[in-house]
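Report on the structure given below.
Numbering (the numbering used here), first residue to last: 29 to 86.
Structure follows, in structure tokens:
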């Protein structure tokens, strides 16, 4: 019978991007989180930065 190995899984880092949808821009994360649609790209980027900061290394 083969031996089983158990590796400690490390959570993937949160990677955020912004995506434009018509006149709006929204932040998205690889964890599935989506920020609200914003007219200002800078606000969408701030949403993404705040999300990543709230989940460091998670």
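Cβ atoms here follow ideal geometry from the backbone N, Cα and C, with glycine treated the same way. In this text the structure is predicted, and so the values were computed from the model without any measurement.
(message) Using beta carbons (cut-off 7 angstroms, strictly below), is residue 63 in contact with chain D?
(response) Of the chains in the structure shown, none is chain D; there is only one protein chain.
(message) How far does the beta strand (DSSP E) with residue 54 in it extend, from its first residue to its last?
(response) As a first step, residue 54 is located in the chain shown; it is residue number 26 there, counting from the start. From DSSP, the beta strand (DSSP E) with residue 54 extends over 52-57.
(request) From the DSSP output, read off the bridge partner residues of residue 47. (result) Locating residue 47 in the chain shown gives position 19, where the first residue counts as 1. Partner(s): 54.
(message) Just verifying my parser: in three-state terms, what is the DSSP assignment at residue 62?
(response) Taking the first residue of the chain shown as position 1, residue 62 is located at position 34. Three-state result, residue 62: strand.
(request) Would you mind working out which of 67, 49, 59 sits nearest residue 43, comparing C-alpha positions? (result) To locate residue 43, count along the chain shown from 1; it is residue 15. The candidate whose alpha carbon is nearest that of residue 43 is 59.
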